Each structure stands twice: as structure tokens, then as C-alpha cells.
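Numbers in the numbering used here are just positions in the sequence shown, counted from 1, shifted up by 10.
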Amino acid sequence: MDLNLKVNENGGMTIGNLDVGEIADGYGTPLYLVDEERIRNNYKRVFNAFTKYYEKFRILYACKANTNLSVMRILEEEGSSIDAVSPGEVYTSLKAGFTPERILFTGNNVKDDELKFVDRQNVLINLDSISQLERLAKIVDPENYRISFRVNPMVGAGHHEHCITGGVMSKFGIKEEEAPNVYKKAVDLGFKPVGMHSHIGSGILDPKPFKLATNALLDVAGNVASKVDLDFEFLDLGGGLGIPYTPDEKLLDIDRFAEEITGIFKTKTKEYGLGDPYLYIEPGRYLVGDASVLLTRVNTIKNSYRKFVGVDAGFNTLLRPAMYGSYHHVVVVNRARDEEVERVDVAGNICESGDLFARDRILPKVEEGDLLAILNAGAYSFSMASQYNSRPRPAEVLVNNGKIELIRERETYEDLFNGQIVPKRLQK
Ligand code: LLP
């Protein structure tokens, strides 16, 4: 079981000595429950693993995974930096207290206004295309202006086709073989390239593709450095570290992983005479994924052609199962000690057939009123939530040191109209 959820003697569950059922009663459902200690421990585990082998190391939290300000504050306090992929994420990161030097902006298909905005915040821009380079040259004074580039290392991996970001089908980064010319062009324009970045995909539990990509990125960096007069301050390997979602997936051995990746990094930086640049990684899921659960209550048991357990959340609350067919473990909070006896489909409250949290899941005998916890709901969960079907988004609470704090209010029906304007002629 993830985070600090424990089964108690009555067959219910607690988190940090708080009764999960009481939390759900107090704040209502659906509810995201975030465990602060787990986020801090996840951060420390990665940081300690890598710095054991290579000191010049930075974690850039990929905040798209979870942009809740309190979550970001926790990671800021731990010392994290930020991978931001939109001006909105840059803005959010600044609001969360990250200084501009701790933010790297890696956008895709970024328009001029957005480049201008990021430039005004003094945040380093990691360029994703030659087009962006040429446009940036017209927006800023390129003389000694620090930039970096995302390259496509021709290695891709991920838990779903949509989450693979390297290789010939990928829209991200510049082509490997173009890299020397692109860096040269940047230098000729007056820019000061200081880094190189790649990100191969998301939800990867196998170290192999990461090792291949590290080799590939270092080879490209070595090639560029041999042809263009520059010094790399950092080489950024991106994110993608997976977490186990199904009971039989295994945890990534982070210490071994760090040893292997830093090993390649050190060998190759030496081989190519790249000095000792910072090694950056950009985990999102690994830091926050297993630190939250989604609490949702069963309101309908339907014995149709299949047995459906109907709950008060839907794919507007947690999209991953509907979007990627992702597995999220489901626990019946108030029957945590009961035997798993029946096969059910756990269905949401959205009017689409794809709105299922689980198909053919074996659970204890569930009744209306039972409370379910959907595990590993910390990454790409609230951040991908919507108001589809005019369902307000849920509340979020933070558990820390046996205390609970509301960190996001539940939306109201009025929130459904935020920003809408009905022209006078249509008003009633
Ligand atoms: N860096 C860049 C440039 C990225 O695009 C991403 C994720 C990351 C880092 C962090 O990847 P992570 O460590 O979290 O795997 N919505 C999908 C995941 C999409 C990830 C997109 N990019 C999901 O729910 O699985």
C-alpha cells in the first residue's frame, strides 16, 4: 500500500493516525487526500541516491504532474527546482516561491507572446525547435543570452503510446543530427547555449531506455561540443521515472538507477571533455504520484449484465483510466480487512461508457455508502481534472503530522460559469 495509509483493527483505515472515513465525512467526496511526508520522502530518496554518486545534481520537479500550490511549496522547501512547460506553469512556480534561476521552461509549439512572457520573468528557455530559436532572436537581444535546446535522443519509452516522447514519431526536440548546426547557429546569432535536454517519455519502470537515452544525449552533447565553442553548464535527462500501479509491478531500484545513470554520465563527460556539468533530472510522477489517494463514495450498486459499483467521481476527476486505460488500485476503505470476493466494474458518474475506474476488479462485497480509495492519484490526477458534465472539481486536503488542512476548496456550481459572459441580448 502506498503513502502512510494503514488498516486499523476495525477494518477501517487511518493515515497519520487520522481516520480516513472521518476525513471523507468531514470534507465530503470526491476528495483528494495528499500526504506531505510522502512527498518529502520521495524527494529525499531521489536526491540522496544521485548525490551519493554525483554532487552537481539537481531535481527539476515536473510540475505538470501536480500544480497544487501547497504541493509545490513542499517541494520548494525541499530544495527542488522546476520543469515548467507553459507560461502558466512558470507563473505558478513563481507564485509558489521558486526563484527564476530555479525554473527551466521547456515549451512545445510556443508562440511569441509566450516567449516574451517567459523572458520577462528571467527564466531560462529550453528551445524545442529552430523556429523558436529564430523567433527568440527577434524578441530578445541574443548577445550572451543563455538558452538550451531539447534534442530528440531517438529513444522513446512510456506506459502508453501517448506518453512516448522520443523517436521518429515524436513532435518534441530537435533532430540529433541537426544539433551541431543548431547550436552553431545559436552561437552565430550571439546566444550563449548552456545546456542540453531530452525527455524520452513517462511511466517507465525499466532502467534500460534511460541508460540508452543518457548515452545518446551525452553522445550528442559531445558531438556538439567538438564542433561549437561552448561549455555545458547542465545536461538534463528529463523525467519519466515510473511508480508501480499494479500489485505486481516492482519499484524502481532508485539507488542502483542513480549509480548506473551517473556512471554513464561521468564516463561520457570525461570521454568528451565536457568538464563537470550539472546533471538535471525532471521527475513528476515519482515525486508525487504515490502521495495521494482519491476518496470516492459508492452511491449505486447495479446488477446489470455486469455488476457495476457506481461512485461519486468520474473521469473528470481522474482521467488516467479512461484516457490511457491505466490501472489504479482500488481499496474499500471501510472493508479493508474483508476478503476480496466479487468481480465488479467500478464506474464513475460521467455520461460516457468509457467512464470506468476499473473493469473486472476483485473487491470485498461492496455496498452503497462504502468509501473507496483510488490509489496513486497524486500525479496527473487533479492536474488533469475538468468540469466535464458540469461537475465541479473536488476539494484537496493535506495530511501532515497527524493534522489535516484544506488546500483546495471544492468548486461550487457557480464556479462552472467563471469567465463566461452572456451577451446582453441573450440575457433573461
Ligand atoms: N519533463 C518533461 C519535458 C515532460 O514532458 C514530462 C512529462 C516530465 C518531465 C515528467 O515526466 P514524469 O517523471 O512525470 O513521468 N499524463 C500522463 C503523463 C504525461 C507526461 C508528460 N510529460 C499520465 O497520466 O501518465
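Note that the Cβ used here is the ideal one computed from N, Cα and C, for glycine as well. Nothing here was measured: the structure is a model prediction, and the numbers come from that model.
**Message:** My assumption, with CB atoms under 8 Å, is that L41 sits in contact with A405. Please give the rounded CB distance.
**Reply:** 6 Å
**Asked** How should F427 be labelled, buried or exposed, when 16 other C-beta atoms within 10 angstroms of its C-beta is the threshold for buried?
**Response** exposed
**Request:** Compute every distance between the C-beta of M394 and the non-hydrogen atoms of the ligand LLP, then say whether any falls below 7 Å.
**Result:** For the ligand LLP, at least one heavy atom lies less than 7 Å from the Cβ of M394.
**Request:** Please state whether DSSP places V120 in a helix, a strand or coil.
**Result:** coil
**Asked** Does the Cβ of E19 lie closer than 7 Å to at least one heavy atom of the ligand LLP?
**Response** no
**Message:** Taking the beta carbon of F108 as the centre, do at least 16 other beta carbons fall within 10 Å, making it buried, or is it exposed?
**Reply:** Buried, since its Cβ has 16 or more Cβ neighbours within 10 Å.
**Request:** Taking only the alpha-carbon atoms, compute the straight-line gap between E378 and T310 and give it to the nearest angstrom.
**Result:** 6 Å
**Asked** Under 7 Å from any heavy atom of the ligand LLP, does the C-beta of L251 make it?
**Response** yes
**Whether T306 touches T39 by CB criterion (8 Å)** = yes
**Prompt:** Below 8 Å between beta carbons: does that hold for Y282 and L228?
**Reply:** yes
**Request:** Could you name each continuous beta strand (DSSP E) segment of 3 residues or more that falls completely within the region 357-418, going from the start of the chain to the end?
**Result:** 366-373, 381-384, 405-410, 413-418
**Opposing strand residues paired with N136 [DSSP bridges]** = Note: N136 is bridge-paired with S158 in the DSSP secondary-structure output.
**the region 165-180 in contact with the region 206-213 per 3-pair CB rule at 8 Å** = The region 206-213 and the region 165-180 touch, with three or more beta-carbon pairs separated by less than 8 Å.
**Prompt:** For P287 versus T279, is the C-beta distance shorter than 8 Å?
**Reply:** yes
**Asked** Is it true that the CB of I431 sits closer than 8 Å to the CB of Y398?
**Response** no
**Asked** With respect to 7 Å, is the separation between the Cβ of P293 and the closest non-hydrogen atom of the ligand LLP below this value?
**Response** yes
**Asked** Of the residues L146, N18, D216, which one's Cα is nearest the Cα of K202?
**Response** L146
**Request:** For I149, count neighbouring Cβ atoms within 10 angstroms of its own Cβ and tell me buried if that reaches 16, exposed if not.
**Result:** exposed
**Prompt:** Mind checking whether the beta-carbon of V161 lies closer than 7 Å to any heavy atom of the ligand LLP?
**Reply:** no
**Item:** Own chain partners of N225 with C-beta closer than 8 Å, once the 5 adjacent residues on each side are dropped
**Value:** I274, K278
**Request:** Output the distance between the C-alpha atoms of M11 and L143, rounded to the nearest integer angstrom.
**Result:** Any reading at M11 is ruled out, since the residue's pLDDT is 49, under 50, leaving its predicted position unreliable.
**Request:** Please list, in chain order, all residues of the same chain as S393 whose beta carbon is under 7 Å from its beta carbon, the five residues on each side excluded.
**Result:** Its chain contains K74, A75, N76, T77 as the residues whose beta carbon lies nearer than 7 Å to that of S393, once the 5 sequence neighbours on both sides are disregarded; these appear in chain order.
**Prompt:** Do L328 and A389 have their C-beta atoms within less than 8 Å of each other?
**Reply:** Not a contact, by the Cβ cut-off of 8 Å.
**Opening and closing residue of the beta strand (DSSP E) in which Y439 lies** = A question about residue 439 goes unanswered here, because the residues of the chain that appear run from 11 up to 438.
**Request:** Answer yes or no: do S158 and G98 have a C-beta to C-beta separation smaller than 8 Å?
**Result:** no
**Asked** Looking only at C-alpha atoms, which of Y290, N344, P331 sits nearest to V17?
**Response** Comparing Cα positions, the closest option is N344.
**Item:** Length of the line joining the Cα atoms of V341 and E19
**Value:** 16 Å
**Own chain, CB closer than 6 Å to E269, minus 5 neighbours either side, in chain order** = Y63
**Prompt:** What are the start and end residues of the alpha helix (DSSP H) that includes T102?
**Reply:** 97-105
**Beta bridge counterpart(s) of V351 as assigned by DSSP** = According to DSSP, V351 bridges with nothing at all.
**Request:** Just the C-alpha distance for E111 and G232, rounded to the nearest angstrom, thanks.
**Result:** 25 Å
**Request:** Tell me whether N428 sits in a helix, a strand or coil according to DSSP, three-state version.
**Result:** The three-state reading of DSSP puts N428 in coil, since its state is none of H, G, I, E or B.
**Request:** Kindly provide the ranges of any alpha helix (DSSP H) runs that are 4 or more residues long and lie completely inside the region 32-96, ordered along the chain.
**Result:** With a minimum length of 4 residues, the continuous alpha helix (DSSP H) runs that stay inside the region 32-96 are 46-61, 79-88.
**Request:** Might you give, ordered along the chain, the residues of its own chain that have their beta carbon closer than 8 Å to the beta carbon of N118, omitting 5 neighbours on each side?
**Result:** V95, D138, K181, F182
**Message:** Here's the rule: buried if 16 or more other CB atoms are within 10 angstroms of the residue's CB, otherwise exposed. What is R330?
**Reply:** buried
**Asked** Between the C-alpha atoms of D365 and S396, what's the straight-line distance to the nearest angstrom?
**Response** 13 Å
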